[in-house]
Each structure stands twice: as C-alpha cells, then as structure tokens.
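The opening position of the sequence shown corresponds to residue 1 in the working numbering, with each subsequent residue numbered one higher. Encoded as structure tokens, the structure appears first; notes follow it.
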Amino acid sequence: PEFVWKCQSGWPRSSGLHYLQMRTLDFIEAWTKGRVKFERYSDNEIVPGYEVWKAVAEGVIPTGVACTCYAMSRVWTSGMYCSSPGLGPVEKLAFYHGTPDVAKTKDFRTPVWKQLEASIAKSFNGLVVLPSAMQSTETFLYSTKPINSIDDLKKLKIRSVGIRGDVFKHAGCSVVGMPAGEVVAAMDRGVIDGAEFANFFGDIPLGFAAAAKYIYFNPYNAQPSNLQFFINAKEWAKVPPDLKKQIEEACFESEKWSLAECLFLDILQMKRAEQEFKAKIAIIPMDVGKYINDKALDFYSIKRKEVPELDAYMKEYEAFFAPDNYGKYVPFVKSLL
Numbered sequence: 001p002e003f004v005w006k007c008q009s010g011w012p013r014s015s016g017l018h019y020l021q022m023r024t025l026d027f028i029e030a031w032t033k034g035r036v037k038f039e040r041y042s043d044n045e046i047v048p049g050y051e052v053w054k055a056v057a058e059g060v061i062p063t064g065v066a067c068t069c070y071a072m073s074r075v076w077t078s079g080m081y082c083s084s085p086g087l088g089p090v091e092k093l094a095f096y097h098g099t100p101d102v103a104k105t106k107d108f109r110t111p112v113w114k115q116l117e118a119s120i121a122k123s124f125n126g127l128v129v130l131p132s133a134m135q136s137t138e139t140f141l142y143s144t145k146p147i148n149s150i151d152d153l154k155k156l157k158i159r160s161v162g163i164r165g166d167v168f169k170h171a172g173c174s175v176v177g178m179p180a181g182e183v184v185a186a187m188d189r190g191v192i193d194g195a196e197f198a199n200f201f202g203d204i205p206l207g208f209a210a211a212a213k214y215i216y217f218n219p220y221n222a223q224p225s226n227l228q229f230f231i232n233a234k235e236w237a238k239v240p241p242d243l244k245k246q247i248e249e250a251c252f253e254s255e256k257w258s259l260a261e262c263l264f265l266d267i268l269q270m271k272r273a274e275q276e277f278k279a280k281i282a283i284i285p286m287d288v289g290k291y292i293n294d295k296a297l298d299f300y301s302i303k304r305k306e307v308p309e310l311d312a313y314m315k316e317y318e319a320f321f322a323p324d325n326y327g328k329y330v331p332f333v334k335s336l337l
C-alpha cells in the first residue's frame with residue numbers, strides 16, 4: 001500500500017457507531033484496491049473519543065472517524081450536522097449532498113456541506129472532512145418512566161449531548177452530560193431517568209433496552225447522526241489527485257450504504273428489545289413530539305442571532321426546504337421507504 005494510516009473512532013469497539021465507521025474504512029480499502037490500508041483503533045486506545053478531532057488536526061494520528069458534535073467545542077454549528085432535531089436521514093442526505101446530477105458526477109458538496117468543510121478547516125488546522133455514515137433516526141429516548149405528556153417529559157433527568165441536549169434544556173428538561181460508557185449504569189442506579197445515545201441496532205447490545213422500561217421514537221421529527229471520516233491536512237496533501245478522488249467516492253458510497261444497513265439491523269433488534277429485555281417500544285405522544293420540534297425551531301431562531309455560521313446554515317435550510325423547492329416532497333419520504 002501507498003499509505004498505511006492509523007485511524008481511531010470516537011466509540012467503544014462494541015458500539016454500532018464504531019461498526020458503521022469501520023465499514024467506511026473497508027470501503028476505502030476496497031475502492032482504492034489496496035493503495036490505502038488502516039490500522040484501526042477504538043475509543044481511548046490512543047486518545048479519548050471526544051478528542052479524536054483535535055488529535056487528527058494536530059497530527060497525533062493521521063485519520064479519525066467520529067460524529068460532528070464532538071467538534072462543537074470549536075465549531076458550534078457542526079452539531080447541526082449531527083443529531084439535531086428536525087431533519088430525517090433521507091432529507092439530510094439530499095440537503096448535504098444533493099447536487100445536480102449527483103449520481104453521475106459523485107459531487108457530494110452542496111453549499112451547506114461546503115460550509116461545514118470551511119468551518120472545520122478554519123478551526124482544526126485545515127482538517128479535511130469527508131462523509132462516512134448516515135444513521136437511521138436515533139431513538140428519541142430510553143426511559144425508566146412512561147412519557148404520556150409534556151409534563152412527564154419535563155420531569156425526567158435526561159442524559160443528552162450536542163444540540164439535542166441544548167434543545168431538551170430549552171424545552172425545560174433537566175439535562176446531564178456523561179460519556180457513553182456510563183449511561184446504562186446511571187439508568188440502572190436511578191442517577192438519570194432517561195437517555196439518548198444513537199440509533200437502535202447499536203444501542204440494544206450495549207444494554208439500553210435492559211436498563212430502560214420504555215423506548216420511544218418520535219415520528220414528528222427525526223434526528224439521525226452524521227458520522228464523518230477526517231484526515232490531517234498535511235497527510236492529505238501527500239495523497240495524489242487520483243487517489244483523493246477514489247477516497248472521496250468511497251466515503252460517499254459508504255454514507256449512502258450505511259442508511260440501508262441501519263434500517264435493516266434496527267428492525268431486527270426491535271423484537272429482541274421487547275421479547276428478551278422486556279422493554280416496551282412506543283411512539284412518543286404527538287403533542288410531546290410537536291413540543292420538542294417547536295422548541296427546537298425556537299432555539300435555532302435565537303441561536304442564529306448569536307452564531308453567524310448557524311445563520312448561514314439556516315438560510316441554506318430555508319432555501320432548500322422552501323415550498324417551491326424540496327419542502328413539498330418531504331412528506332413523501334415515508335412512502336418512498
């Protein structure tokens with residue numbers, strides 16, 4: 001191989017997120033026909049998971065894979081590309097990567113994606129960010145208590161991070177942050193009443209269904225996480241143009257593949273969650289879903305006045321999903337699936 005890169009994920013080796021991102025590395029190795037190989041590491045094997053973006057930017061490791069919300073300490077708007085309430089996975093793919101004639105050109109850089117690239121590069125020493133995996137909708141909440149009303153939700157102590165955590169706070173919920181490895185034990189001990197983490201198939205083997213009596217999905221809005229592959233700027237500069245193109249295409253194909261994989265594995269885990277772990281899978285009451293959606297939009301409208309990059313993001317959002325653009329077609333997504 002021309003390049004052998006160390007790559008660490010932000011996740012435990014047993015998590016579904018780590019699984020998806022290792023498939024991205026498989027795609028790159030196959031797409032480049034062995035010109036690129038990876039030495040693979042999981043959370044804390046080189047650096048803590050939250051520090052992978054920083055470690056790659058500073059050259060501690062040449063490449064990494066993680067979600068964008070782990071970059072929020074330097075680029076707040078990066079959290080919008082993660083599990084921020086509002087868009088489902090299909091709409092996100094269209095918004096971030098739906099350039100004209102994309103099936104032929106493989107050009108995945110829409111204006112809003114270019115915003116992410118520019119802000120990450122500016123704040124992380126020129127770091128190059130590429131698509132990796134688009135999850136299915138993340139579970140709205142794993143809860144030890146039933147949620148039948150807005151008041152029920154607001155009484156819970158919830159583990160949440162990123163912009164979803166900010167929205168829960170804005171909605172009047174009690175929110176605490178904690179590493180993924182502590183969440184299940186915290187629910188078991190009653191330290192927290194509920195938690196969000198990732199999408200369904202990866203959460204169940206980690207013990208979320210065993211700890212929570214209730215597993216809620218929110219049909220009113222969705223919040224899939226965008227997972228990214230990123231590479232140190234100096235390392236990327238060494239890569240010849242033809243190989244760069246192959247790596248970019250491999251990452252884009254991996255992102256599209258991952259959504260189908262998530263949907264397939266999610267439904268298989270639902271039966272296990274109820275029959276083996278005795279959890280109840282339910283749809284959150286629609287008034288609760290609408291309440292969170294309304295609070296999210298209100299939070300964004302306030303925050304965009306403080307963060308110019310968010311204002312630029314929201315302008316692209318409003319243009320793309322305008323009624324005379326793609327907004328009218330969003331209700332058809334469920335029928336397409």
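For each residue, glycine too, the CB sits at the ideal point set by N, CA and C.
V128 and E58 have their C-alpha atoms some 12 Å from each other. Comparing C-alpha distances from S73 to each of F124, N44, P111 shows the shortest one belongs to F124.
Excluding sequence positions up to five before and after F321, its CB lies within less than 6 Å of the CB of G327, all in the same chain and listed in chain order. Note: Y41 is bridge-paired with Q8 in the DSSP secondary-structure output. Contact annotation, Y70 with Y50: C-beta distance approximately 6 Å; criterion of less than 8 Å satisfied.
For T63, the uninterrupted beta strand (DSSP E) run begins and ends at 63-67, by DSSP. For A282, the enclosing beta strand (DSSP E) begins and ends at 280-283. Here the C-alpha atom of W113 lies approximately 27 Å from the C-alpha atom of F3.
When the five nearest sequence neighbours on each side are left out, the beta carbons in the same chain lying within less than 6 Å of the beta carbon of V288 are those of I150, L153, in order along the chain. Fewer than three beta-carbon pairs drawn from the segment 198-205 and the segment 93-101 are found closer than 8 Å, and the two stretches are therefore not classed as touching.
Boundaries of the beta strand (DSSP E) harbouring R159: 157-159, taken from the DSSP string.
Bounds of the alpha helix (DSSP H) holding P89 are 89-97.
The residues Q246, I247, E249, A250, E253, in chain order, have a CB closer than 8 Å to that of W31 in the same chain once the five nearest residues on each side in sequence are set aside. DSSP places I302 inside the alpha helix (DSSP H), whose first and last residues are 286-303. Pairing C7 with Y41 gives a Cβ-Cβ distance under 8 Å. DSSP, reduced to helix, strand and coil, places Q223 outside both helices and strands of the structure shown, so it counts as coil. Here R189 is exposed: its Cβ has fewer than 16 other Cβ atoms, across all protein chains shown, within 10 Å.
The alpha-carbon separation between A171 and N221 amounts to approximately 15 Å. Note on F299: 16 or more other CB atoms within 10 angstroms of its CB, so buried under the neighbour-count rule. Annotated three-state conformation of S83 is coil, per DSSP. Considered as a whole, the segment 107-181 harbours 111-123, 150-154, 162-170 as its complete alpha helix (DSSP H) runs of no fewer than 4 residues, in chain order.
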